[in-house]
Amino acid sequence: MLKLYNTLSREKEEFKPQALEVTIYSCGPTVYNYAHIGNLRTYIFMDILRRTLAFDGYNLKGVMNITDVGHLLSDADDGEDKMVKASREMKKTPEEIAAFYTSVFFKDIKALNIGTPEIIAKATDHIQEMIDYVCGLLEKGFAYETSDAIYFDIGKFEGYGKLSRLNLDDQIAGARVEVNSEKRHPADFALWKKADKNHIMQWASPWGMGYPGWHIECSAMSKKYLGKTLDIHTGGVDHIPVHHENEIAQSEALEGCKTVNYWLHGEFMLVDGGKMSKSLGNTYRIDQLEEKGYPPLAFRYFCLNAHYRKKLNFTFEGLDAAKVSLGRLYALTCKHRGGANKTSAETLKKYSDEFVDAINDDLNIPLALGILWTMFKEPESKELYSLALEFDKILGLSLATAKQPDESAEPEIPENVKAIAEERWSARINKNWAESDRLRNELTQLGYLVIDSKDAYTLKKS
RNA sequence: GGCACCAUAGCCAAGCGGUAAGGCAGAGGCCUGCAAAGCCUUUACCCCCGGUUCAAAUCCGGGUGGUGCCUCCA
Numbered sequence: 041m042l043k044l045y046n047t048l049s050r051e052k053e054e055f056k057p058q059a060l061e062v063t064i065y066s067c068g069p070t071v072y073n074y075a076h077i078g079n080l081r082t083y084i085f086m087d088i089l090r091r092t093l094a095f096d097g098y099n100l101k102g103v104m105n106i107t108d109v110g111h112l113l114s115d116a117d118d119g120e121d122k123m124v125k126a127s128r129e130m131k132k133t134p135e136e137i138a139a140f141y142t143s144v145f146f147k148d149i150k151a152l153n154i155g156t157p158e159i160i161a162k163a164t165d166h167i168q169e170m171i172d173y174v175c176g177l178l179e180k181g182f183a184y185e186t187s188d189a190i191y192f193d194i195g196k197f198e199g200y201g202k203l204s205r206l207n208l209d210d211q212i213a214g215a216r217v218e219v220n221s222e223k224r225h226p227a228d229f230a231l232w233k234k235a236d237k238n239h240i241m242q243w244a245s246p247w248g249m250g251y252p253g254w255h256i257e258c259s260a261m262s263k264k265y266l267g268k269t270l271d272i273h274t275g276g277v278d279h280i281p282v283h284h285e286n287e288i289a290q291s292e293a294l295e296g297c298k299t300v301n302y303w304l305h306g307e308f309m310l311v312d313g314g315k316m317s318k319s320l321g322n323t324y325r326i327d328q329l330e331e332k333g334y335p336p337l338a339f340r341y342f343c344l345n346a347h348y349r350k351k352l353n354f355t356f357e358g359l360d361a362a363k364v365s366l367g368r369l370y371a372l373t374c375k376h377r378g379g380a381n382k383t384s385a386e387t388l389k390k391y392s393d394e395f396v397d398a399i400n401d402d403l404n405i406p407l408a409l410g411i412l413w414t415m416f417k418e419p420e421s422k423e424l425y426s427l428a429l430e431f432d433k434i435l436g437l438s439l440a441t442a443k444q445p446d447e448s449a450e451p452e453i454p455e456n457v458k459a460i461a462e463e464r465w466s467a468r469i470n471k472n473w474a475e476s477d478r479l480r481n482e483l484t485q486l487g488y489l490v491i492d493s494k495d496a497y498t499l500k501k502s
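Whatever position you read off the first sequence (first residue = 1), add 40 for my numbering.
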């Protein structure tokens, strides 16, 4: 039985989907910049959730948005659109920018073994759906028009703030958002913004030329693909107070019913004990980690070692540990792949049950990983290898293609290095230890590690 | 100021009432000419003070400390 922590109730709840096909909406990237490792942690969480559901026998219908318009820089509803800003700064069209960062995003998530949701929805492909949505809200009296936008009237929506449990009035007192005099309530948010003539992204609407607000896209697209009520909605914790609160308000106002059954949020990744964000400039990208010698999956492992609802402090010390651990896990995998022992059915069942219990307990991956390690200490057997591959359906660490460290050693050793190694070997055969050690140091200097065995040696790039 | 969350070994991290998983690092040993790698062994009474209980890291109260949100952010 799968239990998931629902942000709305603040409790672990038994997961009961509406049908065998589970509907999931995941807040995706705003493609105006590179995704950083903090963003990617949230998608790893989404991936683990999807893998767990699939493992439990559900079919998935997942939607992820690509936000390529409408995400303002400020909730004061007067900030510049992110895409427009990036476009201006990079002197490219918004379409070019979106296409570029979208492709980088998919490259990143592929490198991290994050499965792509079944439906990828670009905001700009759904302008009509959003307009229809806004019309619906206007008809029902939940929205009103001002000189600059169509706003959602939160005063008409009972229960605004139920997800974040923030008392709106308390917040307003110290709000840094400037009051827009035409708004009925300071927290009313734009559903549709009217654009002036030189705004580069705009579409015709019943209210003249304009562009959608950010929040409306998720509601409109999830309605289109997943219907009135979806099973699970995922996102980062930062979305709880504004974005998801607004989604709830819009969608429940329009549909008149609960529209999301389970709200799941991934915690933030910290860096050096503090917040990581693009605006603070303390972010890393996956390709930057690769340049430093950390494979993407080492980063995935790093994330898997902590529960998705706990803050995770990113440090290179931690990433080093993850990299070493993953390497050893691969080596163990290889041992079991060629294992000659037999593992009893009871033993296999024990580990399998433990693992399944762990993942079904609100995706307790750190615990599940521990179970894998413990299991791998059993005598090597092909049965354990097969079971590990089952586990890897959740973990996504590519255990099936695990290689022994020396299997992957590249044959491209320069001739001069080979020559020194040969020389050293003969010195060693002749028990000329001083010379042998001297030559080994030379090899070390050149960046090669020499490993002796009984009657041969191997060279490895260090 | 308001609202949350968190506090477990040098580091990361599970555990959520019955006397502390796992990983990294470290230490000792095996192996090695010496190393490296590998293998074996080994390292905690759970922030503090009260309380509840036969029993608490786990529940309650009060502290202290940290982080996040209340502004765009995964």
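We treat Cβ as the ideally placed atom computed from N, Cα and C, and that holds for glycine.
Euclidean distance between Cα positions of residue i and residue j
i, j, result
"residue 143", "residue 263", "26 Å"
"residue 476", "residue 461", "9 Å"
"residue 392", "residue 343", "22 Å"
"residue 172", "residue 242", "16 Å"
"residue 64", "residue 359", "30 Å"
"residue 378", "residue 410", "22 Å"
"residue 270", "residue 491", "57 Å"
"residue 449", "residue 443", "Legend: pLDDT at residue 449 = 47, less than 50; position of this residue unreliable, no value from coordinates given."
"residue 389", "residue 423", "11 Å"
"residue 314", "residue 332", "22 Å"
"residue 130", "residue 122", "12 Å"
"residue 174", "residue 232", "8 Å"
"residue 132", "residue 167", "22 Å"
"residue 496", "residue 325", "41 Å"
"residue 2", "residue 100", "Here the chain comprises residues numbered 41 to 502, so residue 2 is not present and cannot be evaluated."
"residue 127", "residue 186", "28 Å"
"residue 397", "residue 275", "24 Å"
"residue 432", "residue 421", "17 Å"
"residue 259", "residue 147", "27 Å"
Reduced DSSP category for residue i - H, G, I as helix; E, B as strand; rest coil
i, result
"residue 351", "coil"
"residue 99", "strand"
"residue 282", "helix"
"residue 79", "helix"
"residue 84", "helix"
"residue 164", "helix"
"residue 345", "coil"
"residue 189", "strand"
"residue 214", "The predicted model places residue 214 with a pLDDT of 42, which falls under 50 and marks its position as unreliable, so this point remains unresolved."
"residue 299", "coil"
"residue 66", "strand"
Buried or exposed by the 16-neighbour rule on C-beta atoms within 10 Å, applied to residue i
i, result
"residue 213", "With a pLDDT of only 46 at residue 213, under the threshold of 50, the placement of this residue in the model should not be trusted; the figure read from the coordinates follows. Classification of residue 213: exposed, given that the 10 Å Cβ count is below 16."
"residue 328", "exposed"
"residue 292", "buried"
"residue 339", "buried"
"residue 290", "buried"
"residue 413", "exposed"
"residue 364", "exposed"
"residue 323", "buried"
"residue 207", "exposed"
"residue 234", "buried"
"residue 471", "exposed"
"residue 134", "buried"
"residue 362", "buried"
"residue 252", "buried"
"residue 301", "buried"
"residue 494", "exposed"
Same chain only: Cβ atoms within 8 Å of residue i, ignoring 5 sequence neighbours per side
i, result
"residue 43", "52, 53, 54, 55, 400, 401 and 402"
"residue 488", "453, 457, 461, 499, 500, 501 and 502"
"residue 45", "51, 52, 53, 304, 349 and 402"
"residue 318", "73 and 76"
"residue 310", "316, 351, 352, 353 and 354"
"residue 216", "Because residue 216 sits at a pLDDT of 46, beneath the cut-off of 50, its placement in the model cannot be relied upon, and the following sentence gives the value as read from the coordinates. If we look at residue 216 and ignore the five residues flanking it on each side, it has no Cβ neighbours."
"residue 382", "421 and 423"
Own chain residues within Cβ distance below 6 Å of residue i, not counting five before or after
i, result
"residue 145", "69 and 75"
"residue 468", "476"
"residue 265", "103 and 159"
"residue 78", "309 and 316"
"residue 375", "420"
Residues of its chain near residue i, where Cβ-Cβ distance is below 7 Å and the 5 sequence neighbours each way are ignored
i, result
"residue 438", "153 and 337"
"residue 346", "352 and 406"
Suppose only complete runs of 4+ residues qualify. What are the alpha helix (DSSP H) ranges in the region 408-476, listed by chain order? Counting whole runs of 4 or more residues, the region 408-476 contains the alpha helix (DSSP H) stretches 422-435 and 455-469.
Please go through the region 133-158 and give each complete alpha helix (DSSP H) segment of 4 or more residues, from N-terminal end onward. Entirely contained in the region 133-158, the alpha helix (DSSP H) runs reaching 4 residues are, in chain order, 134-151.
Any beta strand (DSSP E) of 3 or more consecutive residues that is wholly inside the region 230-277: Note on the region 230-277: whole beta strand (DSSP E) runs with a minimum of 3 residues are 230-234, 250-252 and 270-276, in chain order.
Segments assigned alpha helix (DSSP H), at least 4 residues, entirely inside the region 377-405: Within the region 377-405, the runs of alpha helix (DSSP H) that reach at least 4 residues and sit entirely inside it are, in chain order, 385-400.
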